[in-house]
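Undergrad: Here it is: the structure, laid out below.
Chains as they are written, first to last, in this note's numbering: chain D, 25 to 908; chain S, 78 to 195.
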């Protein structure tokens, strides 16, 4: 609307002034002057029409908007005229802003974002364990605590549990969770449809209508088509039936950041299903991760103190009487942590790596900005002439600055938009890295306000840094001198301190990033190549949940035996066996044990695993002494066990362990002792980075109560093994859900997911930084050569050789590196303290790495300067001098 | 080049209040366009006050904005479309105010410059 009015106002003003001119000419003609002379005189008397229009327009006010648009249009035209610069600038920005946004949105999702409930700051988490650990509570602990506490409006417990959904005849794994009745009321959530669980639903047996369940909105839409008639429908989970009573809104995805339950059931469901073996009321089963909401007016510190006072009593009343004898439990307390963000196991695992990455991309952003600033600077230098003419036409300094800033702003926001799009792609890439193959990660990476804000803030910073600062320093032009000396030779002498300092900074930061990249990559390489103590190639792992099978005890063992037999017979499978705790998986148990013979010490942390016959041959772990488990080691026979080298030398130092006995010393129970029938080589079950734990192996034949069965096969070809397993399962245990089979190679890679993530990304960012710095150096050198063509010509005319000219150009680059490299090394030294913990078997100060990094940087720099240097060498002195 | 702008600014500073008064006074004698106003002021001041366009037109548009004068497009004597300005009722009142202020000012100036004549 304003513009329409303005247009007519402009047209009117134009006409008004033209009328004035014509009337003035008319008057002169009436007095006898010639028409041409009259018009010229009238114009002279009138003055500068354009200027008059301008000052008149000033009166109108609201001018700034029109000026802004003009600036914008001009800016776009100028950018289009320099497609090379514009493309490089936009790409630089896109990568800089994109990677920052991607990493930040991941950090936001995993570490910073609050749960989507009212007043999330009031939420806290309660954990149990020795000081410093955050373990779950048992059911009785939770109930006692709930009775005695006074700082919270209420407590609730939540337990994520993968479940199996049965419909028609097919079984399908789903993500589920158990919650106490107090959960949804304490969270203060409103249902999307129907109602949410309440205390009545958690009563034994549920209500008269059976046990209630709620489903997630995503599940409701995907599985039930968003049909409101889903309310009242039955749902069969883990073999038990519940009735759907409501839908949980989409914004709430459970209290764990990376696990979104599709179905939430009350704990009463588990009790109904499993009776006495349910964890709900057992004192020895820690299953509950409780959260609580602070009472209004009660602060965190106060609640913490309150908890500390009642902790002792609660534990005494709820733990088995002899708990203090177990080392682990003796010093255990109940502790409180803020729960605003819920729990984020991924966040806890990857937290440090993510912040490291954020630091890396932050550095990259600085390099990008510096690069852009120096590119922009050199471009503006080329526009001196234009700036001067505009200044001569009456533009104030502020006006010129505003024009340049507008251009930078357009570039910055266009780059930011591109960066934002790029960041979405990069985010999904990052999540892919973090995903463990059998736990698909659910991360709500919808761009949140925080991400938008971060992107815009970065863009604005870039504008200021790369646009305004150079503009301010450059518009201080001396009109006379510039106009007189002609367009080419401007600023030849003036060395801009700003530009000069940018490039060494870039070099320093690039060196830092390159060194870090090499360090992380080498560290990860070492981890990948290390011998874990078992075969990696050709091994496939299978996991099956036999909980719903009717066979128990001896019959169950028979099932396992039949499966193994079928596997061994299958074509393409060289060997097969049974293994309960996968190597580098999350399973495995800790046990306390002591040797029977000799004076060997007792240990609390013996890693326990259950394996089948021929396991070590299948897995490729060397048997150092003794024999493998065989089918004769069964129930009723002598209990046997196998130790690894670490355990054997711990219990029976300097003696052979074979033939000796080891006894379990858990709590009060004096366990049976087992005879050690073999010693095997160490194998890394827990983590590639740590040395192998002392391990004891039991034969599965002597422990029949395993519901979770893990099978391992060795084959040339993974698909053969998978096919064999599937057919065996179909034959002997149909309807049993099978978790996706995984190769050992993949398992290994997953276990060092963090390290691989950091290595890959730091290599990428390091490479990018190197590229940008090289581009910056190239641009600067080209600029310098173009400006000093005359000087070079003169030198050559005076007898300089080509190689002298070459050195003349390279000298500039050499100075930049002479300053930048030491700074970079100093920065790396400073950073080494922080990253030492992230590296494996390599010191952050390893000179070989730094040598390679510096050489790479110098090589890139040399390449970047050699092109302009070549151009300088080919300057024809005659042409150059003539240009003068 | 920059000094020319300065000249305009100087002019405006000098004549801001007085130029307004001159314009309002000129329009007292009937509607007139920009050129006509500048000619009238020059003539009536005996060629002493030569208002240049860089001051005149901003002043005219400013006065129009303040609703002391209003504009209308009419055909002039020599068959040309021109923008004619005329006083509004509020403009007439403002003219009286300005004239009073001016005589007060000139009286004050006179008494300072010629103290004996008091």
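C-beta: ideal position from N, C-alpha, C; glycine also.
A quick note: this is a predicted structure, and the numbers were derived from the prediction, not measured.
1. State yes or no: is the beta carbon of residue 48/D nearer than 7 Å to at least one beta carbon in chain S?
2. Can you find a C-beta in chain S that's less than 7 Å from the C-beta of residue 44/D?
3. Helix, strand or coil: how does DSSP classify residue 152/S here?
4. Would you list, in chain order, the members of the stretch 161–173 of chain S that have their beta-carbon closer than 8 Å to a beta-carbon of chain D?
5. When DSSP builds the beta bridges, which residues end up paired with residue 613/D?
6. Any beta carbon from chain D within less than 7 Å of residue 139/S's own beta carbon?
7. When you compare only the Cα positions, how much space is there between residue 889/D and residue 719/D?
8. Under DSSP, the alpha helix (DSSP H) around residue 109/D begins and ends at which residues?
9. What number of angstroms, rounded off, separates the C-alpha of residue 139/D from the C-alpha of residue 245/D?
10. Closer than 7 Å, CB to CB, is residue 71/D near chain S or not?
11. How big is the Cα-Cα spacing for residue 185/D and residue 383/D?
12. Between the C-alpha atoms of residue 209/D and residue 331/D, what's the straight-line distance to the nearest angstrom?
13. Does any residue of chain S bring its CB to less than 7 Å from the CB of residue 58/D?
14. With a cut-off of 7 Å, does the C-beta of residue 177/S fall near any C-beta of chain D?
15. Tell me residue 268/D's beta-bridge partners as DSSP assigns them.
16. At 3 residues or longer, and completely inside the stretch 740–794 of chain D: list those beta strand (DSSP E) runs for me, N to C.
17. On a CA-only basis, which of 372/D, 431/D, 477/D, 699/D is nearest residue 114/D? Give me that one, please.
18. With a floor of 3 residues, list each beta strand (DSSP E) that falls wholly inside the stretch 189–264 of chain D, ordered by position along the chain.
19. Between residue 111/S and chain D, is any beta-carbon pair separated by less than 7 Å?
20. Per DSSP, which residues does residue 273/D bridge with? Please list them.
21. Should residue 225/D be labelled buried (16 or more other beta-carbon atoms within 10 Å of its own) or exposed?
22. For residue 316/D, which three-state DSSP category applies?
23. Quick check on DSSP: helix, strand or coil for residue 184/D?
24. Keeping to the same chain, check which residues put their C-beta closer than 7 Å to that of residue 366/D; ignore five residues upstream and five downstream.
25. Mind checking if residue 852/D is an interface residue toward chain S, Cβ cutoff 7 Å exclusive?
26. Any Cβ of chain D within less than 7 Å of the Cβ of residue 144/S?
27. Using only the alpha-carbon positions, how far apart do residue 899/D and residue 817/D sit?
28. Is there a Cβ of chain S sitting closer than 7 Å to that of residue 519/D, yes or no?
29. Does the beta-carbon of residue 535/D have 16 or more other beta-carbons within 10 angstroms, so that it is buried, or is it exposed?
30. Does any residue of chain S bring its CB to less than 7 Å from the CB of residue 80/D?
31. DSSP has residue 163/S in a bridge; who is on the other side?
32. Is the distance from the Cβ of residue 166/S to the Cβ of residue 144/S below 7 Å?
33. How about the stretch 561–576 of chain D and the stretch 876–886 of chain D: do they share at least three Cβ pairs that are nearer than 8 Å?
34. Assuming residue 446/D and residue 122/D form a contact by the criterion Cβ under 8 Å, report the distance between their Cβ atoms to the nearest whole angstrom.
35. Whole angstroms is fine: what's the gap from residue 639/D's alpha carbon to residue 651/D's?
36. Does any residue of chain D bring its CB to less than 7 Å from the CB of residue 131/S?
TA: This is what the structure holds:
1. yes
2. yes
3. strand
4. none
5. 632/D
6. yes
7. 59 Å
8. 107–131
9. Going by the C-alpha atoms only, they are around 22 Å apart.
10. yes
11. 35 Å
12. In a straight line, the C-alpha of residue 209/D is about 22 Å away from that of residue 331/D.
13. no
14. no
15. Here residue 268/D is bridged, per DSSP, to 237/D.
16. 762–767
17. 431/D
18. 194–203, 236–240, 258–261
19. yes
20. Answer is none; residue 273/D lacks a bridge partner.
21. buried
22. strand
23. strand
24. 139, 279, 280, 281
25. The Cβ of residue 852/D sits no closer than 7 Å to any Cβ of chain S.
26. no
27. 7 Å
28. Because residue 519/D carries a pLDDT of 49, less than 50, the predicted location of this residue cannot be relied on, and no value is offered for it.
29. By the neighbour-count definition (other C-beta atoms within 10 Å, threshold 16), residue 535/D is a buried residue.
30. Judged by the 7 Å Cβ criterion, residue 80/D is in contact with chain S.
31. 147/S
32. no
33. no
34. 3 Å
35. 11 Å
36. yes
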